[in-house]
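In my numbering, the protein residues as written are 11 to 232. Remarks on the structure that follows.
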């Protein structure tokens, strides 16, 4: 190992630690004050570093917001959930997927409000957002998961996994954000709607009983 490597690595670690601290402080500030109300000075103070580092590492507050959105733990969480064993019925799959989406979207509602307002007003921001947004990754992973139900005989061979994945993601956003933040639907009514959507989804896409069975499902999930 060269002596200059010993110098560079601590600097790299310090830089990453500073970036992480700024991202964490920004996430808290944006949630508490909104995008416009949060200041780079307050964020830097909370992170214990110089305000100039926000410009250096993120090219300003908007870049810092994008960094807050581009979190690896979101990807890991989605991959873990989509990789769980298959459910015994398509209704249960829809129920679990929608409940998971509602939970995660509700946790991020403050951030989502900021993102939607910025994306509607700023085309450049929307372009950057589309580059880092993990929705397409989630949709692709959900399509692959739904295809396993076809292989297990739980759905018909002609089951359109692409449309089904899009529908579940859209319903999840509607229940988790539109109903909660805009329509102010009560949690009880949201749960009732979730159950109704899941049951309708299950009836629409399930194969006749002779084609699928819980035993086949468990085999497909292994």
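Cβ atoms here follow ideal geometry from the backbone N, Cα and C, with glycine treated the same way. Just so we're clear, the structure is a prediction, and the values are computed from it rather than from any experiment.
- Residue 196 sits in coil when the DSSP states are folded into three classes, being neither helix nor strand.
- Judged by beta-carbon spacing, residue 54 lies within the 8 angstroms limit of residue 64, meaning their Cβ atoms are closer than that value.
- By the Cβ-count criterion, residue 79 is buried, with 16 or more other Cβ atoms from all chains shown falling within 10 Å of its own Cβ.
- Two segments are said to touch when three or more pairs of C-beta atoms, one from each, lie closer than 8 angstroms; by this definition the segment 130–142 does not touch the segment 203–210.
- Cβ neighbours of residue 142 within its own chain (closer than 7 angstroms, five residues either side excluded): 76, 79, 80.
- The C-alpha of residue 148 lies about 8 angstroms from the C-alpha of residue 92.
- Cβ atoms of residue 51 and residue 116 stay farther apart than 8 angstroms, at about 30 angstroms.
- Put simply, of 121, 185, 24 the residue whose alpha carbon is nearest the alpha carbon of residue 111 is 185.
- Residue 172 places its beta carbon 8 angstroms or farther from that of residue 104.
- The straight-line gap separating the alpha-carbon atoms of residue 98 and residue 129 is approximately 39 angstroms.
- In the three-state reduction of the DSSP assignment, residue 99 falls in the coil class.
- In the DSSP assignment, residue 185 falls outside any alpha helix (DSSP H) and carries neither an H nor an E.
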